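Taken in sequence, the protein lines are chains A and B.
Using numbering that gives the first Met the number 0, you'd call the opening residue of the first sequence number 0 and step up by one each time.
Using numbering that gives the first Met the number 0, you'd call the opening residue of the second sequence number 0 and step up by one each time.
Glycine is no exception: its CB is placed at the ideal position from the N, C-alpha and C atoms.
Quick caveat: nothing in here was measured; it's all calculated off a predicted structure.
Working notes, structure below.
Number of protein chains: 2
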Amino acid sequence: MSTVVNPGLEGVVVGETVLSNVEGEVGRLTYRGYDIHDLAEHANFEEVAHLLLFGHLPTHDELGDFNRRLASRRALPSGLLAMLHAVPRDAWPMDVLRTATSAVAHFVPHRPDGSHETSVDTAVDLIAKFPTIVATWDRMRRGLEPIAPDPKLTTAANFLYMRTGEKPIPEAEKALDTYLVLLADHSYNASTFSARVTASTGADIYCAVTAAVATLAGDLHGGAPAKVMTMLEEIGLPEKAEPYVRDLLARHEKIMGMGHREYKIRDPRAAQLEQMAKNLTEKSHTKWYLIARALEDASNKVLQEAKPGKRIYANVEFYTAPTLSSLGIPSDEFTCMFACGRVAGWTAHVLEQFSHNRLIRPQATYVGPEVHPYEPIGKRHGQNGATNGKSAGANN
Amino acid sequence: MSTVVNPGLEGVVVGETVLSNVEGEVGRLTYRGYDIHDLAEHANFEEVAHLLLFGHLPTHDELGDFNRRLASRRALPSGLLAMLHAVPRDAWPMDVLRTATSAVAHFVPHRPDGSHETSVDTAVDLIAKFPTIVATWDRMRRGLEPIAPDPKLTTAANFLYMRTGEKPIPEAEKALDTYLVLLADHSYNASTFSARVTASTGADIYCAVTAAVATLAGDLHGGAPAKVMTMLEEIGLPEKAEPYVRDLLARHEKIMGMGHREYKIRDPRAAQLEQMAKNLTEKSHTKWYLIARALEDASNKVLQEAKPGKRIYANVEFYTAPTLSSLGIPSDEFTCMFACGRVAGWTAHVLEQFSHNRLIRPQATYVGPEVHPYEPIGKRHGQNGATNGKSAGANN
Numbered sequence: 000m001s002t003v004v005n006p007g008l009e010g011v012v013v014g015e016t017v018l019s020n021v022e023g024e025v026g027r028l029t030y031r032g033y034d035i036h037d038l039a040e041h042a043n044f045e046e047v048a049h050l051l052l053f054g055h056l057p058t059h060d061e062l063g064d065f066n067r068r069l070a071s072r073r074a075l076p077s078g079l080l081a082m083l084h085a086v087p088r089d090a091w092p093m094d095v096l097r098t099a100t101s102a103v104a105h106f107v108p109h110r111p112d113g114s115h116e117t118s119v120d121t122a123v124d125l126i127a128k129f130p131t132i133v134a135t136w137d138r139m140r141r142g143l144e145p146i147a148p149d150p151k152l153t154t155a156a157n158f159l160y161m162r163t164g165e166k167p168i169p170e171a172e173k174a175l176d177t178y179l180v181l182l183a184d185h186s187y188n189a190s191t192f193s194a195r196v197t198a199s200t201g202a203d204i205y206c207a208v209t210a211a212v213a214t215l216a217g218d219l220h221g222g223a224p225a226k227v228m229t230m231l232e233e234i235g236l237p238e239k240a241e242p243y244v245r246d247l248l249a250r251h252e253k254i255m256g257m258g259h260r261e262y263k264i265r266d267p268r269a270a271q272l273e274q275m276a277k278n279l280t281e282k283s284h285t286k287w288y289l290i291a292r293a294l295e296d297a298s299n300k301v302l303q304e305a306k307p308g309k310r311i312y313a314n315v316e317f318y319t320a321p322t323l324s325s326l327g328i329p330s331d332e333f334t335c336m337f338a339c340g341r342v343a344g345w346t347a348h349v350l351e352q353f354s355h356n357r358l359i360r361p362q363a364t365y366v367g368p369e370v371h372p373y374e375p376i377g378k379r380h381g382q383n384g385a386t387n388g389k390s391a392g393a394n395n
Numbered sequence: 000m001s002t003v004v005n006p007g008l009e010g011v012v013v014g015e016t017v018l019s020n021v022e023g024e025v026g027r028l029t030y031r032g033y034d035i036h037d038l039a040e041h042a043n044f045e046e047v048a049h050l051l052l053f054g055h056l057p058t059h060d061e062l063g064d065f066n067r068r069l070a071s072r073r074a075l076p077s078g079l080l081a082m083l084h085a086v087p088r089d090a091w092p093m094d095v096l097r098t099a100t101s102a103v104a105h106f107v108p109h110r111p112d113g114s115h116e117t118s119v120d121t122a123v124d125l126i127a128k129f130p131t132i133v134a135t136w137d138r139m140r141r142g143l144e145p146i147a148p149d150p151k152l153t154t155a156a157n158f159l160y161m162r163t164g165e166k167p168i169p170e171a172e173k174a175l176d177t178y179l180v181l182l183a184d185h186s187y188n189a190s191t192f193s194a195r196v197t198a199s200t201g202a203d204i205y206c207a208v209t210a211a212v213a214t215l216a217g218d219l220h221g222g223a224p225a226k227v228m229t230m231l232e233e234i235g236l237p238e239k240a241e242p243y244v245r246d247l248l249a250r251h252e253k254i255m256g257m258g259h260r261e262y263k264i265r266d267p268r269a270a271q272l273e274q275m276a277k278n279l280t281e282k283s284h285t286k287w288y289l290i291a292r293a294l295e296d297a298s299n300k301v302l303q304e305a306k307p308g309k310r311i312y313a314n315v316e317f318y319t320a321p322t323l324s325s326l327g328i329p330s331d332e333f334t335c336m337f338a339c340g341r342v343a344g345w346t347a348h349v350l351e352q353f354s355h356n357r358l359i360r361p362q363a364t365y366v367g368p369e370v371h372p373y374e375p376i377g378k379r380h381g382q383n384g385a386t387n388g389k390s391a392g393a394n395n
């Protein structure tokens with residue numbers, strides 16, 4: 000049987016969605032038909048989450064209701080806080096977010112078969128709790144008492160408040176809010192696809208969103224902004240960006256946060272984030288934006304010399320680093336902040352998957368040894384003499 | 000653009016594997032070339048895990064080493080036990096296994112970027128700890144103190160011992176051991192695919208295996224055996240199987256545990272499990288096997304009347320129910336037992352994915368509203384008048 004193996008599933012269309020559209024050729028991203036630039040400028044995260052979950056932007060009354068629903072779900076149950084108190088302080092925030100996401104389910108009523116309702120209500124539960132989990136762990140690992148959410152604050156303001164105990168300045172709230180809007184959905188990215196694969200077996204929304212958090216953690220997905228921050232710190236000054244890039248390329252290493260499989264021109268979210276990083280740098284007297292800008296320019300200058308006419312663009316991860324860093328968020332929490340935005344998309348995708356489900360179960364081609372007889376333990380040859388000695392980590 | 004949407008990825012070949020081969024047409028399952036019947040009869044779970052991870056069945060010395068490695072990793076860190084003590088007693092065992100799998104990572108050293116080593120060592124850590132987690136939660140939720148693993152016992156014997164404090168009879172150990180062998184791997188099933196999707200972003204083995212546990216929970220995957228048990232309990236006596244099936248079909252409901260997308264003839268694991276269930280029924284004086292057998296016969300009798308010449312076969316989930324039930328394992332832990340076997344396959348697949356990785360990132364077709372202008376909040380119409388009012392749960 001001749002079969003084509005497609006290990007990245009590139010170009011394979013696995014489903015339909017009404018939630019967002021990535022038009023890579025023209026650099027456009029829309030949520031349910033709204034351009035991301037319009038949403039980033041005019042709508043807040045709660046409006047966008049409402050759009051994704053309910054299908055339309057909320058009226059004043061609907062937004063008020065939705066905000067009250069979120070506020071009622073933000074606090075963490077005391078049992079969940081007790082669990083987090085038992086986690087070692089050096090645990091990675093993304094690992095803790097994954098564990099806590101999974102653990103939220105223990106404090107929600109379940110059906111006789113053990114599963115939970117997959118509904119707007121449980122979606123709201125997860126969207127509301129994500130920033131609380133991240134801020135709570137941020138304080139616990141610093142040896143500080145967690146701060147309860149303030150029902151009068153937005154998602155973005157609450158997060159900043161729960162981290163520090165101080166209500167944020169309007170520019171900081173707006174920057175984080177816009178960041179969450181920009182990151183809220185992106186069609187079938189790897190973590191969203193992961194959530195849909197999990198939901199496709201009939202597993203509930205807590206299962207699916209836990210899987211999505213797990214998948215977001217990788218360097219090829221949500222893990223990139225922290226690596227961008229490491230670069231910016233290593234560079235230290237804008238004028239050192241060019242020698243840094245030349246050195247990186249001489250060692251055949253990648254520049255983190257540049258390029259994207261989907262976008263052929265600049266990622267529209269990068270432009271929004273760049274502007275925000277620029278504003279915040281002025282407000283917070285930090286240098287990260289200036290270094291990032293110098294790094295993008297230097298990357299393109301060096302690339303032009305090697306491959307004239309070719310351009311590489313910053314992706315959404317790139318300007319995430321200076322933006323979140325200027326807000327005082329440590330780099331090992333960047334991926335958690337990505338999750339705080341994307342959980343709106345994940346939950347909407349899980350509801351969409353449930354609404355017309357089909358088990359996602361692809362095929363693999365077997366390329367291992369032919370069928371052969373069993374050898375009793377006394378007649379085996381061990382590692383060196385094995386006839387089928389390919390280890391799992393050394394596949395042809 | 001005309002694109003074919005394949006929502007189940009049926010027939011799409013997403014990768015190559017040397018680990019196992021499902022030949023559905025002839026009803027054959029092999030792990031690295033060994034027929035599942037040979038392995039079920041002659042090899043134990045530790046030998047099979049070794050085969051999957053290292054590529055060959057172990058010699059006496061290798062098996063001794065591997066058993067010592069497993070034994071050294073079985074106990075749960077005290078911090079993890081403290082976390083489990085904070086979980087409400089009515090939490091679903093599969094939810095707890097998912098949380099605990101994620102939490103194991105907090106007690107393992109991580110790299111500066113937060114990620115953990117993905118290696119045979121961390122694979123062994125997970126394979127060793129799964130049965131301990133399940134047995135520990137089994138006791139905690141009954142209000143009993145957990146029992147520490149015994150380094151002299153096998154995986155199967157340890158599980159039964161940690162549940163009850165008594166060393167199992169040889170028949171019980173053998174039955175559970177064979178069950179774990181049969182369930183250890185099954186090519187790119189949904190949970191294994193989920194683990195590989197997660198690992199494909201560069202996320203570590205703890206992320207990937209947590210995602211796999213999340214995915215296994217669904218009714219269309221590892222959740223089925225508990226539903227089979229509910230059926231067996233509802234039937235109660237073998238002679239009531241036929242009227243039960245007729246009633247089910249009259250209500251257009253499915254018979255859980257019958258049929259499989261991959262196998263055109265009987266799942267080879269079902270035959271092995273049936274034999275085990277039969278032996279155990281005699282030993283344990285339970286009736287579950289007899290009811291299951293009557294149910295499979297009745298299903299085929301009724302199907303023959305409706306569609307002559309057609310046959311439906313029991314799948315691996317079907318005889319899992321009487322087997323595990325005869326071992327005293329409650330039905331809401333069945334999926335956890337599936338995970339205790341499959342974790343050998345999951346970890347081997349994650350190592351294989353890491354060895355030649357490519358980000359798994361399929362496409363979706365956008366079928367939502369066209370791009371349209373933004374309406375300020377005062378000009379929106381809300382739920383009833385929305386022009387793009389499809390909710391996430393009501394996609395076209």
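- Taking Val-301(B) as the centre and dropping the five residues before and after it, the same chain places the C-beta of Glu-241, Val-244, Arg-245 and Leu-248 closer than 8 Å to its C-beta, in chain order.
- Secondary structure at Ser-118(B): coil, using DSSP grouped into helix, strand and coil.
- Contacts with chain B at 9 Å (Cβ-Cβ) include Ile-376(A).
- In the DSSP annotation of this structure, the continuous segment of the alpha helix (DSSP H) that includes Asn-299(A) starts and ends at 287 to 305.
- Its chain contains Met-93, Leu-96, Arg-97, Thr-100, Ser-190 and Ala-338 as the residues whose beta carbon lies nearer than 8 Å to that of Val-212(B), once the 5 sequence neighbours on both sides are disregarded; these appear in chain order.
- In the same chain as Ala-156(B), and ignoring 5 residues on each side of it, the C-beta atoms closer than 7 Å to its own belong to Lys-166, Pro-167 and Glu-172, in chain order.
- Cβ-Cβ distances below 6 Å link Asp-137(A) to Arg-162 in the same chain, with the five nearest sequence neighbours on each side left out; the list follows chain order.
- Those residues of the segment 82 to 94 of chain A placed with their C-beta closer than 9 Å to a C-beta in chain B are Met-82, Leu-83, His-84, Ala-85, Val-86, Pro-87, Asp-89, Ala-90, Trp-91, Pro-92, Met-93 and Asp-94, ordered along the chain.
- Separation of Gln-274(A) and Leu-62(A) (C-alpha to C-alpha, rounded to the nearest whole angstrom) is 27 Å.
- Pairing Arg-268(B) with Glu-15(B), the inter-Cα distance amounts to about 23 Å.
- Between Thr-200(B) and Leu-219(A) a beta carbon distance of about 5 Å is seen, short of the 8 Å cut, so the two are scored as contacting.
- The C-beta of Ile-359(B) comes closer than 9 Å to at least one C-beta of chain A.
- Against chain A, the beta carbon of Ser-193(B) has neighbours under 7 Å at Ser-193, Val-196, Thr-197 and Ala-210, listed in chain order.
- Inside the segment 358 to 388 of chain A, DSSP marks whole alpha helix (DSSP H) runs of 4 or more residues at positions 381 to 384, from first to last along the chain.
- Residue contact check for Gly-217(A) against chain B: a CB pair falls below 9 Å.
- Contact between Leu-56(B) and Ala-42(B) is confirmed by a C-beta separation of about 7 Å, below the 8 Å threshold.
- For Val-12(A), there is no enclosing alpha helix (DSSP H); the enclosing beta strand (DSSP E) covers residues 12 to 16.
- Taking 8 Å as the upper bound for CB-CB distance, Gly-7(B) and Lys-263(B) are not in contact here, some 17 Å apart.
- In this structure, Leu-272(A) and Leu-181(A) form a Cβ contact; the two beta carbons are roughly 7 Å apart against a cut-off of 8 Å.
- Looking at Thr-280(A), Lys-286(A) and Leu-279(A), the one whose alpha-carbon comes closest to that of Gly-235(A) is Lys-286(A).
- In chain order, Thr-29 place their CB closer than 6 Å to the CB of Asn-20(B), counting only its own chain and leaving out the 5 sequence neighbours on each side.
- Among the residues of the segment 33 to 58 of chain B, those with a Cβ less than 8 Å away from any Cβ of chain A are Tyr-33, Asp-34, Asp-37, Leu-38, His-41, Ala-42, Glu-46, Leu-51, Leu-52, Phe-53, Gly-54, His-55, Leu-56, Pro-57 and Thr-58, in the order of the chain.
- Counting of Cβ neighbours within 10 angstroms places Arg-31(B) among the buried residues, the total reaching 16 or more.
- A distance below 9 Å separates the beta carbons of Val-196(A) and Ala-210(A).
- For Phe-158(B), same chain residues with a beta-carbon under 6 Å away, outside a window of 5 residues either side, are Pro-130 and Ala-134 in chain order.
- Collapsing the DSSP output to three states places Thr-29(B) in a strand.
- Judged by their CB atoms, Leu-179(B) and Thr-214(B) are not nearer to each other than the 9 Å cut-off.
- DSSP places Val-21(A) in the uninterrupted beta strand (DSSP E) bounded by 19 to 22.
- Within chain A, no residue has its CB atom less than 9 Å from the CB of Glu-295(B), the nearest being about 22 Å off.
- For the pair Val-366(A) and Tyr-33(B), the CB atoms are not nearer than the 9 Å cut-off.
- Residues Met-161 and Gly-164 of the same chain have their beta carbon placed closer than 6 Å to that of Ile-146(A), with the five preceding and five following residues left out of the count.
- It is roughly 35 Å from the alpha-carbon of Gly-142(A) to the alpha-carbon of Gly-113(A).
- Secondary-structure assignment with DSSP links Ala-313(A) through a beta bridge to Met-257(A).
- Residue range 154 to 163 is occupied by the alpha helix (DSSP H) that includes Arg-162(B).
- Thr-98, Ser-101, Ala-102, Ala-104, His-105, Phe-106, His-109, Asp-112 and Gly-113: these are the residues of the segment 98 to 119 of chain A whose beta carbon lies less than 7 Å from some beta carbon of chain B, given in chain order.
- For His-84(A), the number of other beta carbons within 10 angstroms of its own is below 16, and it is reported as exposed.
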